[in-house]
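Residue numbers (my numbering), protein chains in the order written: chain R, 307 to 714; chain S, 307 to 714.
Even for Gly, the Cβ is constructed at its ideal location relative to N, Cα and C.
2 protein chains.
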Amino acid sequence: MKNCIVAQSGGPTAAINASLAGVIYGALQRPEFDRVYGSLNGITGILEERFLDLTETFQKQENLDLLKVSPAMYLGSCRYKLPKLEDDQTPYAQIFKLFEKLEIGAFFYIGGNDSMDTVDKLSAYAASIDSPVRVIGVPKTIDNDLVVTDHTPGFGSAAKYVASSLREVYHDTVIYTPKSVTIVEVMGRDAGWLTAASVLAKNSYCAAPHLIYLPEAAFDTEEFIADVKTLLESCNNVIVAVSEGIRDKDGKYISASTGKVDNFGHSQLSGAGKTLEYLVQERLDVKVRSIELNILQRCASHIASKTDLEESFQEGQHGVTLAAEGKTGLMVTITRTSSDPYTVEYGSAPVCDIANGVKAVPAEWINDRGNGVTEEMAAYIRPLIQGEPEITFVDGIPSYLPVPHLVS
Amino acid sequence: MKNCIVAQSGGPTAAINASLAGVIYGALQRPEFDRVYGSLNGITGILEERFLDLTETFQKQENLDLLKVSPAMYLGSCRYKLPKLEDDQTPYAQIFKLFEKLEIGAFFYIGGNDSMDTVDKLSAYAASIDSPVRVIGVPKTIDNDLVVTDHTPGFGSAAKYVASSLREVYHDTVIYTPKSVTIVEVMGRDAGWLTAASVLAKNSYCAAPHLIYLPEAAFDTEEFIADVKTLLESCNNVIVAVSEGIRDKDGKYISASTGKVDNFGHSQLSGAGKTLEYLVQERLDVKVRSIELNILQRCASHIASKTDLEESFQEGQHGVTLAAEGKTGLMVTITRTSSDPYTVEYGSAPVCDIANGVKAVPAEWINDRGNGVTEEMAAYIRPLIQGEPEITFVDGIPSYLPVPHLVS
């Protein structure tokens with residue numbers, strides 16, 4: 307019987323701890339694994355021998371339950387990228403030395419694209435030295451831009467936050483009679499999935515967001531102004547959802563096109579939302595406001611998607627199953643077996659097929675004008691935001707699992 | 307038996323519809339009132355004869371329940387200020403003409419400072435023409451800056467959002483080892499109550515926000531940089547809560563002190579958070595980010611305070627009682643009769659005592675350095691954020707009462 311070790315990496319999501327809970331629960335259930343270690347701050351915790359023994363803590367069901375609904379990363383994160391195997395094997399040797407010391411049989415890395423690159427490299431190194439250590443990737447990213455898998459853990463919760471916020475912004479905005487434009491900037495530098503989720507705010511009475519712009523469609527300033535102008539003729543309060551990564555036909559970020567200078571004389575980058583706010587202010591005679599959803603869209607666990615948390619937990623568990631079956635160099639994937647009713651199956655794919663790809667929004671899910679998304683897109687995202695986890699409030703505030711080892 | 311009419315005005319809150327529900331419920335219960343009308347877009351709906359008969363809609367309990375938890379204003383808002391009585395009586399005559407036509411016995415105005423000014427003027431006009439119409443103000447403002455009353459409807463919900471968001475931002479931020487500063491800008495141009503609520507994010511493991519700046523304490527740039535620097539020595543991730551209205555010792559807004567110019571050559575105002583972000587970027591060698599909570603802090607009904615919604619409902623009802631008892635020119639007030647256990651009583655005060663006052667945070671609730679608040683402040687706000695309303699989610703999104711008459 308061997309032990310296992312798990313780590314988290316990249317940007318936080320509301321579901322990455324649910325995957326951690328799944329890995330821990332899975333490992334505690336299986337006879338192949340004894341102790342479960344957690345490396346602090348991703349792979350750097352292994353390099354620096356900073357880790358915890360999670361076994362006792364998470365044998366308590368209440369800790370596991372609380373972990374599942376807690377935002378961001380219980381084990382902390384890192385942005386460390388391993389050197390190429392052919393360039394420098396030193397960190398690899400260091401990592402596997404600790405694995406040996408802790409009698410590690412499997413390493414689980416929960417993260418996005420960069421973490422899958424690490425999984426790829428570590429499993430290749432393991433093969434090269436004939437190590438029996440299994441290396442398995444468990445995906446997460448609010449961007450939903452990993453290839454092969456139907457969608458990624460964390461996306462559904464962020465999508466629920468974005469759509470719910472847009473609905474609330476609609477209620478807040480529609481109360482005034484003077485014409486106005488409200489621009490909501492959503493995360494997603496290269497892929498527009500999360501911005502597209504704003505479409506779910508629409509219902510029988512809520513037409514917002516009236517316009518939706520993704521990085522996948524070239525943004526045309528003149529068309530944007532024309533579209534807002536037309537809308538303002540029939541509607542008092544126009545609401546626009548825009549991805550932070552929108553760019554013009556030459557691929558130049560709209561957010562970078564401003565020439566603002568701060569009080570120290572330095573040029574400052576505005577976000578896409580702020581840039582469009584200035585543009586509307588300049589070109590149209592209406593009240594305009596921009597809202598950046600910022601990091602709350604990825605850490606607002608109090609409005610996470612239950613479906614997302616459940617699936618994230620299952621994916622963590624499935625990763626353990628893969629390792630227990632002796633597999634390595636794989637990332638857990640999810641396949642949608644039916645849309646109505648929504649059903650999924652958990653599987654896996656070689657991590658090398660995933661590590662460096664980016665799944666963009668398909669052109670056919672964006673309308674011809676490039677200012678909205680299709681019903682197919684809405685139907686794809688809708689099942690992912692369903693259900694609400696049970697959140698306990700203590701003293702009026704959502705109660706999450708403390709991260710004492712990371713206290714700041 | 308007479309009818310009554312109700313309207314909403316000013317900026318939205320998560321609780322202003324709970325007060326509306328209270329007024330409607332109260333009026334439907336009392337024998338003194340028959341039909342309940344709702345004026346659209348505040349007092350302007352009365353001036354322009356745009357109103358609804360709310361009686362049948364809200365005899366249905368499910369509509370009343372849904373109204374109670376819906377953000378912003380079912381009846382829409384306005385920013386209209388009545389002229390001084392001695393300058394121009396035309397709009398007054400118009401308003402009372404509609405009152406006569408609709409056989410109105412009482413007008414309820416739910417709003418902040420400006421709306422209380424309207425209540426004051428209308429009740430004075432009513433007295434001057436010997437009109438029997440009662441005019442009653444029901445307070446609301448997330449700013450909590452109305453005098454006489456212990457606190458204002460809408461504040462508790464916004465405070466719960468601010469404190470919960472700060473806790474979630476802490477979880478999001480603490481995961482990284484490189485040192486960082488995160489600045490969270492909270493609404494409140496003149497009063498720091500809402501920013502002060504961020505203190506409730508602190509608990510046994512969460513030291514955030516490490517610094518809290520209110521408009522009531524002069525902001526000193528050098529002290530701020532020094533304080534952040536000192537904190538960074540012992541803590542990786544410093545989190546700062548700052549009111550949008552912070553100003554220097556000469557009363558000059560910090561948010562206005564930037565000299566940024568947009569791509570059209572126009573000078574742009576940055577918010578206080580953005581301005582501090584640029585300052586930290588310039589002066590300290592750390593990662594820095596600013597987050598503007600923006601309008602979500604006032605319209606995120608999905609995380610409203612149950613205490614706030616309940617009290618708002620009661621205040622609406624109490625307004626109806628006052629009118630039914632023949633009183634006029636009053637605003638409903640709330641008195642805290644005990645802090646532990648928290649108990650309140652509903653009362654009233656002449657609206658002229660309230661209309662033009664601003665309740666600032668008392669100096670003794672701000673620490674000597676001007677970068678934090680005291681335990682007395684926390685104890686004052688804590689009861690106001692307790693409890694969670696029952697929110698129904700439809701298709702993954704919070705379900706609120708449609709505002710079809712305002713469709714945009």
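Within 8 Å of the CB of Thr483(S), the CB atoms of chain R belong to Asn347, Thr350, Gly382 and Cys384, in sequence order along the chain. Under the three-state reduction of DSSP output, Val439(R) falls in the coil class, being neither helix nor strand.
A distance below 7 Å between beta-carbons, with the five flanking residues on each side excluded, links Ala432(R) to the following residues of its chain, in chain order: Val439, Val441 and Thr634. Annotation: Cβ neighbours of Met379(S) in chain R (cutoff 7 Å, chain order): Ile481.
Assigned with DSSP and collapsed to three states, Val375(S) falls in coil, not helix or strand.
In terms of beta-carbon proximity, Arg604(S) lines the interface with chain R, with at least one pair separated by less than 8 Å.
Nearest to Thr643(R) by C-alpha distance, out of Met637(R), Leu636(R) and Gly653(R), is Gly653(R). Between Ala497(S) and the set Thr698(S), Tyr519(S) and Asn509(S), the nearest pair of CA atoms involves Tyr519(S).
Listed in chain order, the alpha helix (DSSP H) elements of length 4 or more contained wholly in the region 611 to 683 of chain R are 612 to 630. For Arg336(R), the three-state secondary structure derived from DSSP is coil.
Listed along the chain, the chain R residues whose CB falls inside 7 Å of the CB of Glu598(S) are Glu598. Listed along chain R, the residues sitting closer than 8 Å to Ser376(S) by beta-carbon distance are His477.
DSSP places Ile531(S) in the helix class (H, G or I) of the three-state scheme. For Ala469(R), the neighbours in chain S by C-beta distance under 8 Å run, in chain order, Gly702 and Ile703. Spanning the alpha carbons of Glu491(R) and Ile601(S) requires a straight line of approximately 13 Å.
The C-alpha of Ser383(S) is placed about 22 Å away from the C-alpha of His457(S).
Judged by beta-carbon spacing, Val454(S) lies beyond the 8 Å limit of Ala661(S), meaning their Cβ atoms are not closer than that value. Counting only the Cα atoms, Gln314(S) lies some 26 Å from Phe699(S). Between Tyr706(S) and Ser607(S), the C-beta gap is smaller than 8 Å, which places the two residues in contact. With fewer than 16 other beta carbons inside 10 angstroms of its own, Gln365(R) counts as exposed. Sequence-distant Cβ neighbours of Lys580(R) in its own chain, meaning closer than 7 Å and more than five residues away, are Ser596. Inter-residue distance for Thr641(R) and Glu651(R) is about 5 Å (C-alpha atoms, whole angstroms). DSSP links Thr447(S) through a beta bridge to no other residue.
The CB of Phe530(R) never comes closer than 9 Å to any CB in chain S; the least such distance is about 15 Å. Within chain S, the residues whose beta carbon sits less than 8 Å from that of Ser611(R) are Gly702, listed in sequence order.
Under the 8 Å criterion on CB atoms, His457(R) is classed as non-interfacial with respect to chain S. Taking 4 residues as the minimum length, the alpha helix (DSSP H) runs contained wholly in the region 461 to 533 of chain S are 461 to 479 and 499 to 502, in order along the chain.
By the criterion of a C-beta distance shorter than 6 Å, Glu694(S) is surrounded in its chain by Lys612, once the five residues flanking it on both sides are discounted.
Residue burial annotation: Lys374(S) is buried, with at least 16 other C-beta atoms found within 10 angstroms of its C-beta. DSSP, reduced to helix, strand and coil, places Asp456(S) outside both helices and strands of the structure shown, so it counts as coil. In chain R, no part has a C-beta under 8 Å from the C-beta of Phe414(S); the shortest such distance is about 17 Å.
Ser421(R): member of the alpha helix (DSSP H) spanning Asn419 to Ser434, first to last residue.
Per DSSP, Glu696(S) is not a residue of any alpha helix (DSSP H), being assigned neither H nor E.
Residues of the region 671 to 697 of chain R with a Cβ closer than 7 Å to any Cβ of chain S, in chain order: Arg688, Ile691, Gln692 and Glu694. Inter-residue distance for Thr424(S) and Gly411(S) is about 17 Å (C-alpha atoms, whole angstroms).
Looking from the CA of Val475(R), the closest CA among Val667(S), Glu338(S) and Gln603(S) belongs to Gln603(S).
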